[in-house]
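Quick mapping for you: the protein sequence lines, in order, are chains A and B. The opening residue of the first sequence carries number 1 in UniProt numbering; numbering runs sequentially from there. The opening residue of the second sequence carries number 1 in UniProt numbering; numbering runs sequentially from there.
There are 2 protein chains.
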Amino acid sequence: MPSSIVPQTNLPRALKPGDRIGIAAPASPFDGKSFEAGLGVLESMGFNPVVPEGLFEKNGFLAGTDRHRADQLTRLFTDPEIDGIICARGGYGSMRILPLLDADVLAKHPKVFVGFSDITALIGFLVQRCGMTVFHGPSVTTLGDGNLQTREHLMAALTRAEPLTLTAEAGRTIHSGRAQGPFLCGNLTLFCHLTGTPFQPDLKDRILLIEDRGEAPYRIDRMLTQMRMAGCFQGLAGLAVGAFTDCGSSRQINEIVADRLSGLDIPILAGFDAGHEGVNMTLPVGVPARLDTASKTLSFLNPAVR
Amino acid sequence: MPSSIVPQTNLPRALKPGDRIGIAAPASPFDGKSFEAGLGVLESMGFNPVVPEGLFEKNGFLAGTDRHRADQLTRLFTDPEIDGIICARGGYGSMRILPLLDADVLAKHPKVFVGFSDITALIGFLVQRCGMTVFHGPSVTTLGDGNLQTREHLMAALTRAEPLTLTAEAGRTIHSGRAQGPFLCGNLTLFCHLTGTPFQPDLKDRILLIEDRGEAPYRIDRMLTQMRMAGCFQGLAGLAVGAFTDCGSSRQINEIVADRLSGLDIPILAGFDAGHEGVNMTLPVGVPARLDTASKTLSFLNPAVR
Chain A
1 MPSSIVPQTN LPRALKPGDR IGIAAPASPF DGKSFEAGLG VLESMGFNPV VPEGLFEKNG
61 FLAGTDRHRA DQLTRLFTDP EIDGIICARG GYGSMRILPL LDADVLAKHP KVFVGFSDIT
121 ALIGFLVQRC GMTVFHGPSV TTLGDGNLQT REHLMAALTR AEPLTLTAEA GRTIHSGRAQ
181 GPFLCGNLTL FCHLTGTPFQ PDLKDRILLI EDRGEAPYRI DRMLTQMRMA GCFQGLAGLA
241 VGAFTDCGSS RQINEIVADR LSGLDIPILA GFDAGHEGVN MTLPVGVPAR LDTASKTLSF
301 LNPAVR
Chain B
1 MPSSIVPQTN LPRALKPGDR IGIAAPASPF DGKSFEAGLG VLESMGFNPV VPEGLFEKNG
61 FLAGTDRHRA DQLTRLFTDP EIDGIICARG GYGSMRILPL LDADVLAKHP KVFVGFSDIT
121 ALIGFLVQRC GMTVFHGPSV TTLGDGNLQT REHLMAALTR AEPLTLTAEA GRTIHSGRAQ
181 GPFLCGNLTL FCHLTGTPFQ PDLKDRILLI EDRGEAPYRI DRMLTQMRMA GCFQGLAGLA
241 VGAFTDCGSS RQINEIVADR LSGLDIPILA GFDAGHEGVN MTLPVGVPAR LDTASKTLSF
301 LNPAVR
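So, in structure tokens, the structure goes:
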């Protein structure tokens with residue numbers, strides 16, 4: 001276990017009622033009805049959602065050209081009238097805009113930023129290249145799905161400067177132990193598709209949480225095999241497993257994780273409420289966390305907002 | 001265009017009637033009925049298919065443990081009674097056994113080796129690590145599908161020491177030009193899942209042919225994006241596009257290829273008969289080839305067998 005906690009240099013400010021939350025669409029176009037429902041939820045939380053011009057662009061499976069999506073996202077960070085950012089949807093396309101983002105510019109404007117699934121590419125970029133603390137949590141189009149716990153967790157995470165502790169109530173220990181390190185969280189498929197690129201996630205000393213959706217068990221095996229072969233898991237401090245939705249049984253996923261990460265001797269704990277089904281907890285990425293299979297907890301050691 | 005042709009050091013011997021073809025199952029278990037049909041086709045060609053003990057092992061989505069599959073494959077190469085090798089099926093699992101194969105041992109036993117899809121991982125290994133010439137072509141379980149051209153091409157490729165020329169009759173030029181280099185061929189998904197690993201294909205100066213099946217257009221885009229970002233296409237001499245089955249329209253695939261490889265200024269020609277539908281030509285991997293969009297041809301410059 002590393003003795004010192006990596007300092008967080010770039011904490012966003014906590015949101016408060018009336019704050020303006022800019023909506024970003026860095027990946028795929030999205031469904032209007034779910035989007036409206038999600039906006040309604042943000043309003044019911046007391047926020048003021050801001051829909052930028054050009055948000056509804058459509059370019060095949062992308063929400064506009066790469067340049068358009070990169071510029072839109074950059075503008076949300078640099079605009080002083082915008083207090084926080086939430087993504088409309090994942091889908092696909094975030095990784096395409098990474099070469100068009102200027103890490104130095106974004107790093108000067110730390111803001112609450114929320115998304116998941118395809119947005120994993122941006123989460124990794126903002127945390128690793130900009131030293132920012134960001135949030136793995138619901139998108140606008142999933143926020144209206146009626147899950148009240150998801151909403152409550154989002155509200156708490158974005159507004160309270162208090163460290164969070166998650167308990168995997170029905171969690172399954174795949175490898176016992178306790179470890180701590182800066183937290184990273186995202187979609188396995190996306191991490192896998194960044195492997196070998198300049199944007200490959202650096203997992204050394206980190207506590208990693210992975211989730212996925214709609215990938216057959218052999219595909220989960222293939223992704224973990226690639227990442228293991230590529231050395232991605234070297235030095236990883238601990239692994240938390242979130243929801244694997246429509247990926248086969250959780251027993252099978254846990255067996256695959258145990259097999260593909262065998263020999264690493266790090267704590268691995270499955271059963272966290274993060275991902276594409278049920279409760280999608282809002283988790284602070286970049287914040288130091290401790291994973292403990294004895295207490296089945298993932299504890300964040302610092303606040304995620306100031 | 002490189003002025004010299006990379007020498008082939010490790011040519012297999014051409015097969016002749018009565019030769020013993022060993023069946024390998026380095027990936028997934030397979031369907032008995034298609035397998036029997038394929039064996040019948042090999043027999044009708046005058047070959048003597050050899051089914052090794054343990055071929056029907058099953059370990060979830062794998063045809064036995066990694067050690068079992070690696071040992072079986074190694075034995076087929078080293079056994080002097082076996083004249084050639086054809087894979088029962090792809091599926092998934094070839095990449096898992098790569099670290100268990102001894103390239104020096106295999107390189108001493110060049111033999112006709114045929115497979116495709118998941119077998120791409122082995123094709124890359126045998127060509128790049130062993131300097132062997134191998135064949136991208138049907139597996140036993142696809143050979144019985146009734147496609148007579150696939151069978152005729154397989155027979156010709158394995159038995160005749162004559163260079164082959166392929167014409168993409170209804171081929172579509174994505175970027176015009178002419179180039180030559182050693183030929184590599186395989187499944188895009190597999191190439192993508194080797195990216196960042198020690199088994200990443202070295203595409204420099206090569207003519208590459210890709211095919212795939214059952215991957216949505218945004219996934220094809222994502223794979224090409226990853227490989228481009230990882231630098232895989234740097235120095236690539238030319239690209240041939242085979243069948244993209246159940247991946248959306250060929251027009252859309254061609255557009256994605258054009259977009260993701262834009263700026264490379266290499267010949268790109270789509271419409272070759274290789275992959276998961278229709279005719280699956282048996283193509284010699286490792287042999288120098290010339291891709292010419294004017295004549296819509298992929299011409300092999302040397303024989304693939306001695």
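From the three backbone atoms N, C-alpha and C, an ideal C-beta is built for every residue, glycine too. Computed from a predicted structure; not experimentally measured.
Assignment of Q252/B by DSSP, reduced to helix, strand and coil, places it in the helix class.
By the rule that beta-carbons nearer than 8 Å mark a contact, H193/B touches chain A. A distance of 8 Å or more separates the beta carbons of M155/B and G286/B.
If the five residues before and after T189/B are omitted, its C-beta is found closer than 7 Å to the C-beta atoms of D212, E215 and M223, all from its own chain and listed in chain order. Residue contact with chain A for Q226/B: present (Cβ-Cβ distance below 8 Å to some residue of chain A). Bounds of the alpha helix (DSSP H) holding G38/B are G32 to S44. Sequence-distant Cβ neighbours of L100/A in its own chain, meaning closer than 7 Å and more than five residues away, are D66, R67 and A70. Under the Cβ criterion of 8 Å, F61/A is counted among the residues facing chain B.
Annotated three-state conformation of S176/B is coil, per DSSP. By the neighbour-count definition (other C-beta atoms within 10 Å, threshold 16), L148/B is an exposed residue. Pairwise C-beta distances place the stretch 229-248 of chain A in contact with the stretch 267-275 of chain A, as three or more of them are shorter than 8 Å. For the C-beta of P217/A, the chain B residues within less than 9 Å are, from N- to C-terminus, G60 and F61.
A Cβ-Cβ distance of about 17 Å is found for the pair P138/A and P12/A, leaving them out of contact under the 8 Å criterion.
If the five residues before and after D265/A are omitted, its C-beta is found closer than 8 Å to the C-beta atoms of H175 and G177, all from its own chain and listed in chain order. Taking a cut-off of 8 Å on C-beta distances, the stretch 164-173 of chain A does not touch the stretch 14-22 of chain A, as fewer than three cross pairs fall below it. When secondary structure is reduced to three states using DSSP, T159/A falls in the helix class.
Within the same chain, T74, F77 and T78 come within 8 Å of V105/B by CB-CB distance, once the 5 residues on both sides are set aside.
Annotation: I268/A to R206/A spans about 12 Å, alpha carbon to alpha carbon. For I86/A against V41/A, the beta-carbon gap comes to about 10 Å, at or over 8 Å, which does not count as contact. Three or more Cβ pairs closer than 8 Å define a contact, and the stretch 249-261 of chain A falls short of that threshold against the stretch 87-97 of chain A.
Across the structure, D118/B and A25/B are spaced so that their CA atoms are roughly 11 Å apart. At a cut-off of 8 Å, the C-beta of G177/A has no neighbouring C-beta in chain B. Around the Cβ of P29/A, a 10 Å sphere holds 16 or more other Cβ atoms; the residue is buried. Contact residues of the stretch 272-292 of chain A toward chain B are absent (C-beta to C-beta distance below 7 Å). Per DSSP, the beta-bridge partners of S299/B are T165/B and R290/B.
Residue state for H136/B is assigned as strand, using DSSP reduced to three classes. Every unbroken stretch of the alpha helix (DSSP H) spanning 4 or more residues and falling wholly within the UniProt domain "LD-carboxypeptidase N-terminal" (21-137) of chain A is given here in chain order: 32-44, 66-78, 94-97, 103-107 and 120-128. For Q200/A, the chain B residues whose C-beta falls within less than 8 Å of its own C-beta are G196, listed in chain order. Residues of the stretch 88-113 of chain A with a C-beta atom less than 7 Å from some C-beta of chain B are Y92, M95 and R96, listed in chain order. Pairing K58/B with R89/B, the inter-Cα distance amounts to about 13 Å.
A230/A reaches chain B at G196 and T197, counting residues in chain order whose Cβ is nearer than 7 Å. Exposed is the label assigned to A161/B, since fewer than 16 other Cβ atoms lie within 10 Å of its Cβ.
Within 8 Å of the CB of R222/A, the CB atoms of chain B belong to Y92, M95 and H193, in sequence order along the chain. The beta-bridge partner set that DSSP reports for A240/B consists of L209/B and L269/B. In the structure shown, T245/B falls within a strand segment according to DSSP collapsed to helix, strand and coil. For P217/A, there is no enclosing beta strand (DSSP E); the enclosing alpha helix (DSSP H) covers residues P217 to M229.
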